[in-house]
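Peer 1: Going line by line, the protein sequences match chains A and B.
In terms of our numbering, the first sequence opens at residue 7 and continues consecutively.
In terms of our numbering, the second sequence opens at residue 500 and continues consecutively.
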Amino acid sequence: DVKVTQSSRYLVKRTGEKVFLECVQDMDHENMFWYRQDPGLGLRLIYFSYDVKMKEKGDIPEGYSVSREKKERFSLILESASTNQTSMYLCASSFVTGSPLHFGNGTRLTVT
Amino acid sequence: GENVEQHPSTLSVQEGDSAVIKCTYSDSASNYFPWYKQELGKGPQLIIDIRSNVGEKKDQRIAVTLNKTAKHFSLHITETQPEDSAVYFCAANPYDKVIFGPGTSLSVIP
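Have a look at this one:
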């Protein structure tokens, strides 16, 4: 069974801090995604990657960057955290384009 | 870019009744339409999906229909049970992205 693991369940950071959210998948999936989930807005795509060292902007990339140095690991970076980045962050992976996403259980980030 | 709308945002049904959630999409390049269920404290999990060359798909109490011409697709849950209570998301997959609707919170009342 595919497992997507997000390193932290809850994080509290201060405004201006650099924040790293880590995600690891164990099924050799090609594609990895970062979404943020906010009430009433659903899941919005921040960045995705379809290969090592490759990244593509999603619909809301501003204020974020990503790193994929190894196939199994996809990191989301908040260069300078702001209060409007308080949200639930979900990582997902898929075998190829057009195949089901497998999600982690999310990281709830609070920026104060 | 792709835009996915989903209705209703909340839905309450009596146990045993049916529930229907409807979605529309805008990009005719979308050819894969998954549905995800999210339980409290967990990430979304795929429950059923349909591809653009199929009009309907069924898996036990869950069915999905797709109307490509109208760019509509719907989730049907029959004989609802309390464990069906969750947030449901539809999604469309144009090219490399997966774009989600805003979600429907389903409550099944025993």
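Idealized CB from N, CA, C, for every residue including glycine.
Please read all numbers here as calculations on a predicted model, not as lab measurements.
(1) With distances taken from CA atoms, which of L574(B), D548(B), S551(B) is nearest Q505(B)?
(2) Give me the Cα-Cα distance between I561(B) and F572(B), rounded to the nearest whole angstrom.
(3) Compare the C-beta of N566(B) against all C-beta atoms of chain A and say whether one is closer than 9 Å.
(4) In the stretch 105–116 of chain A, which residues sit with their C-beta less than 7 Å from some C-beta in chain B, listed in chain order?
(5) For I520(B), collect the residues of the same chain with a Cβ closer than 6 Å to its Cβ; drop the 5 residues on either side in sequence, then sort them by chain order.
(6) So S71(A) and T21(A) are in contact, right, with Cβ under 8 Å, and what is the actual spacing, rounded?
(7) With a threshold of 16 other CB atoms inside 10 Å of the CB of Q580(B), please say whether the residue is buried or exposed.
(8) Could you check whether the Cβ of L605(B) sits closer than 9 Å to any Cβ belonging to chain A?
(9) Taking CB distances under 9 Å as the criterion, tell me whether L510(B) reaches chain A.
(10) Strictly below 7 Å CB to CB, what residues from chain B border G48(A)?
(11) Would you kindly work out how many angstroms separate the C-alpha atoms of D516(B) and D583(B), rounded to a whole number?
Peer 2: Let me lay it out:
(1) Here residue 505(B) corresponds to residue number 6 of the second sequence, with the count starting at 1. That would be L574(B), whose Cα lies nearest to the Cα of Q505(B).
(2) On the second sequence, residue 561(B) is found 62 positions in, with the first residue counted as 1. On the second sequence, residue 572(B) is found 73 positions in, with the first residue counted as 1. Taking the straight line from one Cα to the other gives about 13 Å.
(3) Against the second sequence, residue 566(B) aligns to sequence position 67. Not closer than 9 Å to any Cβ of chain A, the Cβ of N566(B) fails to qualify, so no.
(4) P106, L107, F109, G110, N111, G112
(5) As a working mapping, residue 520(B) is identified with position 21 in the second sequence. The answer, listed in chain order, is L574, Y587, T603.
(6) As a first step, residue 71(A) must be located in the first sequence, where it is residue number 65. As a first step, residue 21(A) must be located in the first sequence, where it is residue number 15. Wrong, their Cβ atoms sit about 18 Å apart, outside the cutoff.
(7) Residue numbering aside, residue 580(B) sits at position 81 when the second sequence is read from its first letter. When all chains shown are included, Q580(B) counts as exposed.
(8) Mapped onto the second sequence, residue 605(B) falls at position 106. Chain A, which has no Cβ nearer than 9 Å to the Cβ of L605(B), makes this no.
(9) Here residue 510(B) refers to the residue found at position 11 of the second sequence. False, the Cβ-Cβ gap to chain A never drops below 9 Å.
(10) Position 42 of the first sequence holds residue 48(A). Here the neighbours are F588, F599, G600, P601, G602.
(11) Within the second sequence, the letter at position 17 stands for residue 516(B). Within the second sequence, the letter at position 84 stands for residue 583(B). Each residue's alpha carbon lies about 11 Å from the other.
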